[in-house]
Each structure stands twice: as C-alpha cells, then as structure tokens.
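What follows is a short report on a single structure.
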Amino acid sequence: MPNHPTILVFDSGLGGLSVLREVVQAQPDTHYVYVADDAFFPYGHHSQEALIARVVPLMGELIAAHRPELVVIACNTASVQVLAQLRDAYATPFVGTVPAIKPACAQSTTKRVSVLGTKATVAREYTRGLIRDFGQGCEVTLVGSPELASLAEAALSGESVADDDIAAEIAPCFVGDAADPAARTDTIVLACTHFPLLLERLQRLAPWPVAWIDPAPAIARRVSDLMGPTGTKADQPGATLIFTSNKSHRLNGALTPFFGGRVPA
Ligand code: DGL
1 MPNHPTILVF DSGLGGLSVL REVVQAQPDT HYVYVADDAF FPYGHHSQEA
51 LIARVVPLMG ELIAAHRPEL VVIACNTASV QVLAQLRDAY ATPFVGTVPA
101 IKPACAQSTT KRVSVLGTKA TVAREYTRGL IRDFGQGCEV TLVGSPELAS
151 LAEAALSGES VADDDIAAEI APCFVGDAAD PAARTDTIVL ACTHFPLLLE
201 RLQRLAPWPV AWIDPAPAIA RRVSDLMGPT GTKADQPGAT LIFTSNKSHR
251 LNGALTPFFG GRVPA
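The numbering used here numbers the first residue of the sequence shown as 1 and each following residue consecutively.
Now the structure itself:
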C-alpha cells in the first residue's frame with residue numbers, strides 16, 4: 001500500500017491527463033491512479049443509460065481495488081450524466097468536470113460564447129441548465145463535436161492528425177461578423193477534457209483569436225480544498241496507469257510530464 005494518500009483520476013481515454021497535470025501540481029505528495037476506460041471510448045457516442053450501466057459498477061471495482069481518498073471524474077461527458085449516480089452509490093468524495101460556462105460568460109466582452117464538447121455533453125439538460133443559470137445575457141452557441149476527442153486521442157498516441165480535420169471540428173464555434181472583433185465570438189469553453197491537449201493547434205487553426213477556457217485549474221483548486229495539506233513524506237509518491245482495454249503501456253514514458261515526472265506503473 002502506498003504511504004501517500006491516493007487520488008483516482010478517471011476518463012474515457014487520455015483526455016483526463018489535462019486535468020491530472022493540474023491536480024498533480026496542486027497535490028504533489030499524493031499517489032495517482034489514472035484510469036482510461038478506453039474499452040468503452042468514446043463516451044460521447046453512448047446513451048446516458050449505457051454510460052450509467054458502464055461507469056457505476058466499474059467505479060465500484062476501482063474504489064475497492066485502489067481505496068482512493070478522492071475520485072476526480074476528469075470527463076465532462078461522464079460528469080454531466082453519471083456524477084449524481086456515483087455520489088449516490090459510493091461514500092468516496094467525487095470531484096466532477098462540468099462545462100466552465102459561468103467563468104466564460106463572466107469574462108466575454110462581446111457576449112458571444114461557444115461551448116465545445118462532445119455531442120452528448122452539449123445535448124444534456126445539465127449543460128443547458130448551466131447556460132440558463134450562468135449565461136449572464138450571453139449568446140451561447142453549443143457545438144457538439146463528433147470527432148475531436150478521437151483526434152486528440154490519436155495525436156497524443158503519436159499518430160499524425162491533419163490540420164483540416166481539426167479546423168472542421170472547431171469551425172462552428174466561430175460565430176458573428178469575422179471582420180468586427182466587437183461582434184464575434186471571443187470565448188470558447190473547452191467542455192471536453194481531451195481538447196486542452198490540442199490547445200496549441202486550436203489556437204493556430206482558429207479563424208480569429210479567442211480565449212479558450214480550460215476548467216483544469218479550477219478542478220485542481222477544488223481537489224486541494226477537499227484534500228487539505230497532505231504533508232511531505234520521506235518516500236516519493238508513485239503513479240499507476242490503467243487502460244480498461246488492457247492495452248500495453250507503451251505510452252508510459254511519453255506521459256510522465258502529465259504525472260509530474262512520475263513514470264506510471
Ligand atoms: N474526455 C471526455 C470529456 O471530457 C470525452 C471523450 C469521449 O467522448 O469519450 O467529455
């Protein structure tokens with residue numbers, strides 16, 4: 001058993017690494033278990049019923065096996081559809097990842113905000129409720145991207161991904177008069193944890209500059225509030241990387257920056 005507290009970070013694939021890297025910085029003296037449910041990827045293509053039936057029992061197995069102090073659901077698609085059921089089923093505290101609509105609408109000066117998520121995330125009532133409650137008079141465009149999570153997954157796995165394919169996925173986010181900076185989208189919510197992994201390419205391929213809102217720093221602050229100071233232990237904390245497909249861990253070396261320098265077992 002590790003001598004450090006354990007945080008389990010869960011996503012459908014590698015997208016949750018964008019959340020993990022912030023949480024690791026905020027809570028360095030912690031053992032991390034990162035679980036990619038790649039056997040069921042992409043979550044955005046499943047119904048809510050199918051996702052509940054998949055994630056709730058799987059989480060029970062993971063909690064029993066790893067005994068985490070806290071679980072981060074580093075996936076918008078799962079958080080907006082399964083978080084309530086997870087909290088009902090297990091006593092372990094959960095921190096979810098939901099579209100950062102409130103801060104995006106607060107900072108937009110043109111009052112035109114787009115929410116870029118999976119098709120499932122933007123279709124759910126939970127997301128629409130966030131716009132009703134926190135839209136602050138903004139015109140909010142919901143963009144359900146069918147392929148961007150898979151493109152990010154491919155890019156992080158070392159495959160080449162064409163600029164045109166990425167540009168086509170983000171194009172519907174850019175709304176208004178392209179020639180008038182005061183009358184066009186100025187803020188885009190990255191409502192899928194895979195998307196910050198492509199941030200440099202999103203910035204380069206955008207038809208005009210916008211603010212891209214990544215929720216990871218806010219999630220890391222929430223985790224720190226719940227965990228409190230962990231203290232410094234003599235031994236180094238480790239990390240574990242689990243793919244539910246049981247695929248081999250050939251990525252481990254390349255992923256160490258996301259794990260704060262740990263080489264995950
Ligand atoms: N990373 C996930 C999210 O934040 C979704 C990717 C998928 O469709 O599985 O929504």
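We put the beta carbon where it would ideally sit given N, CA and C, even for glycine.
- Nearest C-alpha to His-31 among Pro-217, Val-71, Ala-123 and Arg-222: Val-71.
- Taken through DSSP and simplified to helix, strand or coil, Gly-44 comes out as helix.
- The segment 194-201 makes no contact with the segment 222-231; the number of CB pairs closer than 8 Å stays below 3.
- For the 9 Å CB-CB criterion, Ala-220 and Val-19 form a contact.
- In the three-state scheme derived from DSSP, where H, G and I count as helix and E and B as strand, Gly-13 is classed as coil.
- Bridge pairing for His-31: Thr-6 [DSSP].
- Across the set Thr-6, Gly-16 and Ile-7, the C-alpha of Gly-16 shows the shortest separation from the C-alpha of Thr-193.
- Burial state of Ser-79 is buried, judged by a 10 Å Cβ sphere holding 16 or more other Cβ atoms.
- In the three-state DSSP reduction, Thr-141 falls in the strand class (E or B).
- By the Cβ rule, the segment 180-194 counts as touching the segment 100-108, because three or more pairs are nearer than 8 Å.
- Collapsing the DSSP output to three states places Phe-174 in coil.
- Rounded to the nearest angstrom, the gap between the Cα atoms of Ser-145 and Asp-235 is 43 Å.
- In the DSSP assignment, Val-223 falls outside any beta strand (DSSP E) and within the unbroken alpha helix (DSSP H) covering 216-227.
- Beta-carbon to beta-carbon, Asp-186 and Ala-167 are separated by about 19 Å, too far to satisfy the 8 Å threshold.
- Looking only at His-4, Gln-136, Leu-156 and Ala-53, the smallest Cα-Cα distance to Ala-89 is reached by Ala-53.
- The segment 103-114 makes contact with the segment 126-145, as at least three CB pairs between them are under 8 Å.
- Under the three-state reduction of DSSP output, Leu-190 falls in the strand class.
- Nearest to Leu-205 by alpha-carbon distance, out of His-45, Ala-162, Asp-177 and Gln-85, is Ala-162.
- If you keep only unbroken alpha helix (DSSP H) runs of at least 4 residues inside the segment 96-176, you get 101-107, 119-123, 125-134, 148-156 and 163-170.
- Phe-258 has its alpha-carbon roughly 8 Å from the corresponding atom of Val-24.
- The beta carbon of Gly-16 sits closer than 8 Å to at least one heavy atom of the ligand DGL.
- With contacts defined as CB atoms closer than 9 Å, Thr-240 and Ala-39 fail to qualify as a contacting pair.
- Taken atom to atom, the span from the alpha-carbon of Glu-147 to that of Leu-58 is near 25 Å.
- 9 Å or more divides the Cβ of Val-9 from the Cβ of Gln-48.
- Distance from the C-beta of Asp-11 to the nearest heavy atom of the ligand DGL is below 8 Å.
- For Thr-185, the three-state secondary structure derived from DSSP is coil.
- In this structure Glu-159 is exposed. Its beta-carbon is surrounded by fewer than 16 other beta-carbon atoms within 10 angstroms.
- Around the beta-carbon of Thr-109, fewer than 16 other beta-carbon atoms lie within 10 Å, marking it exposed.
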